[in-house]
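Engineer:
Numbering (our numbering), first residue to last: 152 to 298.
So this is what it looks like as structure tokens:
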């Protein structure tokens, strides 16, 4: 991600625009984009500061405010609710629209995981040949009957 321009450059551009030159002329003078100069000036008029806004994603999640409700859904005796069902309940009861992946990130951030079914053995865990059999030999195979 690109870094923000320095505050000194922002201040000089805004002071030039306030002194009476146009936004386009100020942008050419300081070798920045016209839209950049205009947005800096609008931000300065609205907020009164030269500081750039914080870059990146905002902290937190829209689900943080509904943490108790979501955790109550999974604390039932059967614990058999899918992420899509949690999303549907949030929409119906709280009016919050959330996709299953957002709910998954909500649980991952809190270290909450569970499986809906018990683990099973891998399908290829059974022996298919004798320990002393030659590679490619069908003579000692346990899965193919020798004729």
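A virtual CB, placed ideally from N, CA and C, is assigned to each residue, including glycine.
(1) Given this structure, state the Cα-to-Cα distance separating residue 161 from residue 215, to the nearest angstrom.
(2) What three-state label does DSSP hand residue 234 in the structure shown?
(3) Closest by CA to residue 233, which one among 219, 252, 244, 248?
(4) Run through DSSP, which three-state label would residue 204 get?
(5) Please report the straight-line C-alpha distance between residue 223 and residue 256, rounded to a whole angstrom.
(6) Work out the CA separation of residue 263 and residue 182 for me, nearest whole Å.
(7) Roughly how many whole angstroms lie between the Cα atoms of residue 190 and residue 231?
(8) Is the stretch 196 to 208 in contact with the stretch 171 to 188, if contact means three or more CB pairs nearer than 8 Å?
(9) Please classify residue 159 as buried or exposed, where buried requires at least 16 other C-beta atoms within 10 Å of its C-beta.
(10) Report the rounded CA-to-CA distance for residue 155 versus residue 225, giving the unit in angstroms.
(11) I need the DSSP call for residue 164, collapsed to helix, strand or coil.
(12) Can you round the beta-carbon distance between residue 185 and residue 193 to whole angstroms, since I take them to be within the 8 Å contact cut?
(13) Helix, strand or coil for residue 211 per DSSP?
Structural biologist: Once the coordinates are examined:
(1) In the chain shown, the residue the question calls residue 161 occupies position 10. In the chain shown, the residue the question calls residue 215 occupies position 64. Between residue 161 and residue 215, the C-alpha separation is close to 36 Å.
(2) Counting from 1 along the chain shown, the entry for residue 234 is found at position 83. In the three-state reduction of the DSSP assignment, residue 234 falls in the helix class, which pools H, G and I.
(3) Reading the chain shown from its first residue, position 82 is the one you call residue 233. For the set 219, 252, 244, 248, the Cα lying nearest the Cα of residue 233 is the one of 252.
(4) Translated into positions along the chain shown, residue 204 becomes position 53. Of the three classes helix, strand and coil, the one that applies to residue 204 here is coil, per DSSP.
(5) Against the chain shown, residue 223 aligns to sequence position 72. Against the chain shown, residue 256 aligns to sequence position 105. If I take the Cα positions, the gap works out to 17 Å.
(6) Here residue 182 is taken as the residue at index 31 of the chain shown, counted from 1. Here residue 263 is taken as the residue at index 112 of the chain shown, counted from 1. The alpha-carbon of residue 182 is positioned some 51 Å away from that of residue 263.
(7) Mapped onto the chain shown, residue 190 falls at position 39. Mapped onto the chain shown, residue 231 falls at position 80. Going by the C-alpha atoms only, they are around 50 Å apart.
(8) Under the Cβ criterion (8 Å, minimum of three pairs), the stretch 196 to 208 does not count as touching the stretch 171 to 188.
(9) In the chain shown, residue 159 corresponds to position 8, counting from 1. Flag for residue 159 reads exposed.
(10) Locating residue 155 in the chain shown gives position 4, counting from the first residue. Locating residue 225 in the chain shown gives position 74, counting from the first residue. If I take the Cα positions, the gap works out to 43 Å.
(11) To locate residue 164, count along the chain shown from 1; it is residue 13. When secondary structure is reduced to three states using DSSP, residue 164 falls in the helix class.
(12) The count along the chain shown starts at 1 and reaches residue 185 at position 34. The count along the chain shown starts at 1 and reaches residue 193 at position 42. Not really, about 13 Å apart at Cβ, beyond 8 Å.
(13) By one-based count along the chain shown, residue 211 stands at place 60. When DSSP states are grouped into helix, strand and coil, residue 211 belongs to the coil group.
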